[in-house]
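For what it's worth, the numbering used here labels the leading residue of the sequence shown as 116, then goes sequentially. Each residue gets a CB set at the ideal place from its N, CA and C atoms; glycine is no exception. Some notes on the structure that comes next.
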Amino acid sequence: MTQYARNQLEYLVFKYIINTKPMYPINNHSIPNPDQIERQGMPPTEILLSEALSASGYRCDAVGKWHLGYGDLQFPDNRGFDSFFGFLDAFSYYINPEQEGVESWQFDEFSEKHIWKQQREGFSAILRDAAVVDEKEHLTDAFAREASSRIRDAASSEKPFFLYVPFSAPHTPFQALSKYTSRFSDVEDPKKRIYYALIAQLDDAVGRILRTLDETGEADNTLVIFSSDNGGATYTGATGNDPLRGGKMSHFEGGLSVPLMMRWPGVIQNGSNESRPVIQMDLFNTIMASAGIPLPDDRRMDGINLLDDSAMDKTVNRPLFWRSDYNHIVQYREWKLMMNGKDGKIWLYNIAGDREENNNLADEKPEIVEQLESMFEEWNMEMQEPAWPRVMDYLYDEDGEGYWFAT
Numbered sequence: 116m117t118q119y120a121r122n123q124l125e126y127l128v129f130k131y132i133i134n135t136k137p138m139y140p141i142n143n144h145s146i147p148n149p150d151q152i153e154r155q156g157m158p159p160t161e162i163l164l165s166e167a168l169s170a171s172g173y174r175c176d177a178v179g180k181w182h183l184g185y186g187d188l189q190f191p192d193n194r195g196f197d198s199f200f201g202f203l204d205a206f207s208y209y210i211n212p213e214q215e216g217v218e219s220w221q222f223d224e225f226s227e228k229h230i231w232k233q234q235r236e237g238f239s240a241i242l243r244d245a246a247v248v249d250e251k252e253h254l255t256d257a258f259a260r261e262a263s264s265r266i267r268d269a270a271s272s273e274k275p276f277f278l279y280v281p282f283s284a285p286h287t288p289f290q291a292l293s294k295y296t297s298r299f300s301d302v303e304d305p306k307k308r309i310y311y312a313l314i315a316q317l318d319d320a321v322g323r324i325l326r327t328l329d330e331t332g333e334a335d336n337t338l339v340i341f342s343s344d345n346g347g348a349t350y351t352g353a354t355g356n357d358p359l360r361g362g363k364m365s366h367f368e369g370g371l372s373v374p375l376m377m378r379w380p381g382v383i384q385n386g387s388n389e390s391r392p393v394i395q396m397d398l399f400n401t402i403m404a405s406a407g408i409p410l411p412d413d414r415r416m417d418g419i420n421l422l423d424d425s426a427m428d429k430t431v432n433r434p435l436f437w438r439s440d441y442n443h444i445v446q447y448r449e450w451k452l453m454m455n456g457k458d459g460k461i462w463l464y465n466i467a468g469d470r471e472e473n474n475n476l477a478d479e480k481p482e483i484v485e486q487l488e489s490m491f492e493e494w495n496m497e498m499q500e501p502a503w504p505r506v507m508d509y510l511y512d513e514d515g516e517g518y519w520f521a522t
């Protein structure tokens, strides 16, 4: 927290609202200076897809939630993008809540108070490149509009294009249009009704982008990837991840498992399903290979090309690792080991037969625990130190048992 509050308001929020179950900010306070804020975000030493594709002649556009840094070094137009429309922060108002036809819900939780006070100020402002704009449309519709416009512009150009569209829906603040909430009038809980409406609107927005590809004749020549950054945020009370356990901020399957859909007519068989384990770092390799661009040769890339059958065959024996401060996780074949350095707890699950993670087998299978722990330590020794500290501890409480996760 010393170095990573984004501004003085956020510093004060974290300083004076400490007991905010289930989220507990780290009690270590000082106001960040401009230089500290400038250094936050994606390190400039890391290569973004936009930088690699732009260097190979691609037009690159970003529309949506950036959340990769706030300083000039991290601004989209300095990271390979030709244009940007969206906001820099983790959140922004979808729409003015005073507008007619808007239904809102605010949680009694510290970060929510910050979101609703921030509105569209500071890093939550809506930008067209570097200029602040007064966007009137609901952001989900605005992002679909802008993305479709970029596709139409790119279709009239001879350059290939890369379009990155990180929608913010259904992230808080919960603000939905009445024409969508009316679809769920039978849902009495207002927060769930708005959440469902946000997803329905997102679905329409994605459909609008896909129709634009069809209308411009670009669909058959375009790889489309749809995914998410985490499981549903169960702490909002608006969603769950049944039958999976946990959700956003946890390392249970409900937090780590996300949808991944890919469309490329003539290359990916329509309606095909993939059950082999993959991870989002594979998308870099996949997109680079699809564009016919070699991977950077000055670093090791840990992902694989998801469209390469021979590479996919190897995923069965590929260990996957996660490290979030004191949370250490390794998944190998049918086993998943979760180690917690905060309270010393260890969980071992056979996710092939128990993906719901109901049966902790750590005491019954000490040899598997030892094997996976050794694999993690070997991997961890090759990794750099974390670029920034955790800002809070998240307590996931289930059946009277608490599980701590760093975030």
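For PHE258 and VAL280, the gap between their C-alpha atoms comes out near 8 Å. Taking the Cα positions, ASP244 is about 22 Å away from ASN211. Going by DSSP, SER405 is part of the alpha helix (DSSP H) stretching over 397-405. Of the residues SER226, ARG235 and LEU242, the one whose Cα lies closest to the Cα of GLY201 is LEU242. Listed in chain order, the non-local C-beta contacts of ARG235 below 7 Å within the same chain comprise SER207, TYR208 and ILE241, local neighbours out to five positions each way being set aside.
Shown here, GLY186 sits in coil according to DSSP, grouped into three states, outside any helix or strand. Comparing C-alpha distances from THR287 to each of ILE314, ASN385, SER169 and SER264 shows the shortest one belongs to ILE314. In the DSSP assignment, MET453 falls within the beta strand (DSSP E) that extends over 450-455. Bridge pairing for GLN499: absent [DSSP]. DSSP places LYS251 in the coil class of the three-state scheme, outside both helix and strand. At a Cβ-Cβ threshold of 8 Å, GLY347 and THR337 do not count as neighbours.
Distance check between TYR464 and each of ILE408, GLU449, ASP458 and ASP301 places GLU449 closest, using alpha-carbon atoms only. CA-to-CA, the gap between GLU273 and MET454 works out to about 51 Å. Spanning the alpha carbons of PRO275 and SER342 requires a straight line of approximately 22 Å. Beta bridge pairing from DSSP links GLU218 with ALA291. For the 8 Å CB-CB criterion, VAL178 and GLU261 form a contact. Two segments are said to touch when three or more pairs of C-beta atoms, one from each, lie closer than 8 Å; by this definition the segment 389-399 does not touch the segment 362-369. Nearest to ASN345 by alpha-carbon distance, out of GLY386, ASN356 and TRP231, is ASN356. Beta-bridge analysis with DSSP links ARG174 to PHE276. With 16 or more other CB atoms across the displayed protein chains lying within 10 angstroms of its CB, TRP220 is buried. A contact is defined here as three or more CB-CB pairs under 8 Å, and the segment 153-167 meets this definition with respect to the segment 180-190. SER439 is a Cβ neighbour of PHE520, given a cutoff of 8 Å. TRP437 is bridged by DSSP to ILE444. In this structure, the CA atom of TYR511 is about 28 Å from the CA atom of ALA291.
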